[in-house]
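Colleague:
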Amino acid sequence: VPQPRLLVSPEVLTLSGSVRLHCDVPHGVKASQCYFYPERDDTNLKLSPSCQLSVTGSELIRWTGRSSPGTLHIICYYAVDFSVRTPSPRSLPAPVTVLNQKPILSIRHDHQLDDFTFLCEIPESESVTAGFRYNLYTGENPQPYLTQTSQKGQSGKPVCIFTAQRNDLFRRLQSVKSDEVSCDYSLTSDPTARSLMSQKHNITHFFPELTPSSTTNRPPTAERVSRNRPHSSASAPNNSSSLQTMSVTTEEKTTADLSTVTLKPTTTEEKSTRELSTLLQTTTRTTTRTTKDKSPT
Numbered sequence: 001v002p003q004p005r006l007l008v009s010p011e012v013l014t015l016s017g018s019v020r021l022h023c024d025v026p027h028g029v030k031a032s033q034c035y036f037y038p039e040r041d042d043t044n045l046k047l048s049p050s051c052q053l054s055v056t057g058s059e060l061i062r063w064t065g066r067s068s069p070g071t072l073h074i075i076c077y078y079a080v081d082f083s084v085r086t087p088s089p090r091s092l093p094a095p096v097t098v099l100n101q102k103p104i105l106s107i108r109h110d111h112q113l114d115d116f117t118f119l120c121e122i123p124e125s126e127s128v129t130a131g132f133r134y135n136l137y138t139g140e141n142p143q144p145y146l147t148q149t150s151q152k153g154q155s156g157k158p159v160c161i162f163t164a165q166r167n168d169l170f171r172r173l174q175s176v177k178s179d180e181v182s183c184d185y186s187l188t189s190d191p192t193a194r195s196l197m198s199q200k201h202n203i204t205h206f207f208p209e210l211t212p213s214s215t216t217n218r219p220p221t222a223e224r225v226s227r228n229r230p231h232s233s234a235s236a237p238n239n240s241s242s243l244q245t246m247s248v249t250t251e252e253k254t255t256a257d258l259s260t261v262t263l264k265p266t267t268t269e270e271k272s273t274r275e276l277s278t279l280l281q282t283t284t285r286t287t288t289r290t291t292k293d294k295s296p297t
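Heads up, the sequence shown is in full-length UniProt numbering, so the first residue is 1 and it goes up one at a time.
Next comes the structure, spelled out in structure tokens:
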């Protein structure tokens, strides 16, 4: 019995995206049933009389028992007769990559050339043939600092190498008021299919001249903005907030007035004390002069 070939389209998808698995039976062979299973788990079968199977990225993750997105390998075979169930040889494993897998970012500084090299790569993606587009970010700025297409690294993984001059990077960090860099990637064929952001790297130690004041007041992330933004239907809370503000303002004003009234006696008392002290000093000096004048010569 000839070996089938497993066709995957597309090879890369998001968690909500869909992939079509086609167990391609050799020409002239009539298959009664096709079987699909994750590599090294041949009892975890999905059956299809049409030899085609459509699943989402999330379903792939659950089916293969993975705890997180990544590159999965699926195998198929077919049976010629229902009664005999003669199985065919297994197909070669076909890779399917589910995005949202974080890329890994590494940084190198060349002291002689005074430039930086940023390497952004996708882990566990040696067999992926799809093209990717990588973005390098500074701080929380949603606009990429650098953009580049992928290339194959020595390990076979799709990687991207960014190069930046130190002075240019320094100006960029100052403009966005940040000291962190990160990267992500998307499909070249579908830019909307984006991965998660890599871990942020703090590069302050490369820039001693970056003072704390130059990297403060960072713009809020979308999460913080959405968390602090009031709901559009919350008109009543807004009125309540206004009433609370009026109440607080009135209370503060009343308290301030009372404070002023309370302070007046204290101020008057202090003034009287100073005047009395001055008067006593004057009286003492006058008495002294009078005594001197009356003394016998």
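Heads up, the beta-carbon is just placed ideally off N, CA and C, and yes, glycines get one too.
1) Which residues bound the alpha helix (DSSP H) around residue 135?
2) Among 54, 29, 27, 208, whose alpha-carbon lies nearest the alpha-carbon of residue 11?
3) Rounded to a whole number of angstroms, what is the C-alpha to C-alpha distance between residue 3 and residue 148?
4) For chain D, find out if any of its Cβ atoms is closer than 8 Å to the Cβ of residue 103; answer yes or no.
5) Whole angstroms is fine: what's the gap from residue 189's alpha carbon to residue 15's?
6) Is the beta carbon of residue 168 less than 8 Å from the beta carbon of residue 135?
7) Could you check what DSSP says for residue 21 in three-state terms: helix, strand or coil?
8) Note down the Cα distance separating residue 123 from residue 144, rounded to an integer number of angstroms.
9) Report yes or no: do the segment 92-103 and the segment 66-75 share at least 3 C-beta pairs separated by less than 8 Å?
10) Quick check on residue 143: does DSSP put it in helix, strand or coil?
11) Can you tell me which residues form a DSSP beta bridge with residue 51?
12) Could you please give the first and the last residue of the uninterrupted alpha helix (DSSP H) stretch that includes residue 322?
13) Just the Cα atoms here: how many angstroms apart are residue 262 and residue 199?
14) Please report the distance separating the alpha-carbon of residue 152 from that of residue 27.
15) Just confirm the distance between the C-beta atoms of residue 117 and residue 108, as a whole number of angstroms; I'd bet it's less than 8 Å.
16) Inspect the beta-carbon positions of residue 75 and residue 50 and report whether they are closer than 8 Å.
17) Using the beta-carbon count (16 or more within 10 Å), is residue 43 buried or exposed?
18) Roughly how many whole angstroms lie between the Cα atoms of residue 22 and residue 80?
19) Mapping the DSSP letters down to three states, classify residue 61 as helix, strand or coil.
20) I need the DSSP call for residue 205, collapsed to helix, strand or coil.
21) In angstroms with no decimal places, state the Cα-to-Cα distance between residue 17 and residue 57.
22) Based on DSSP bridge pairs, tell me the residues matched to residue 104.
23) Out of 13, 159, 201, 40, which has the shortest C-alpha to C-alpha gap to residue 179?
24) Take residue 41 and list the residues in its own chain whose beta-carbon comes closer than 8 Å to its own, dropping the five residues that flank it on each side.
25) Out of 176, 187, 89, which one is the CA nearest neighbour of residue 1?
Modeller: So, from the listed chains and residues:
1) Taken as a continuous stretch (DSSP letters only), residue 135 belongs to no alpha helix (DSSP H), being part of the beta strand (DSSP E) at 132-138.
2) Comparing Cα positions, the closest option is 54.
3) Going from the Cα of residue 3 to the Cα of residue 148 covers about 39 Å.
4) You won't find chain D in this structure, because it holds only one protein chain.
5) It is roughly 17 Å from the alpha-carbon of residue 189 to the alpha-carbon of residue 15.
6) Their beta carbons are not under 8 Å apart, which means residue 168 does not touch residue 135 by this criterion.
7) The three-state secondary structure of residue 21, taken from DSSP, is strand.
8) Whole-angstrom Cα-Cα distance: 21 Å.
9) Touching, yes, given that three or more Cβ pairs across the two stretches are closer than 8 Å.
10) In the three-state DSSP reduction, residue 143 falls in the coil class, being neither helix nor strand.
11) None, per the DSSP bridge assignment.
12) In the structure as shown, the chain begins at 1 and stops at 297. Residue 322 is therefore absent and cannot be evaluated.
13) Reliability of the predicted coordinates at residue 262 is poor, the pLDDT of 34 falling under 50, and no value is obtained from them.
14) Annotation: residue 152 to residue 27 spans about 34 Å, alpha carbon to alpha carbon.
15) Their Cβ separation, rounded to whole angstroms, is 5 Å, which keeps residue 117 and residue 108 in contact under 8 Å.
16) At least 8 Å separates the beta-carbon of residue 75 from that of residue 50.
17) The residue in question, residue 43, is exposed, as its Cβ has fewer than 16 Cβ neighbours within 10 Å.
18) About 16 Å.
19) It is helical.
20) It is helical.
21) If I take the Cα positions, the gap works out to 6 Å.
22) Paired residues: 121.
23) Nearest C-alpha to residue 179 among 13, 159, 201, 40: 201.
24) Only 64, 65 meet the Cβ criterion.
25) When 176, 187, 89 are compared, the shortest CA-CA separation from residue 1 is found for 89.
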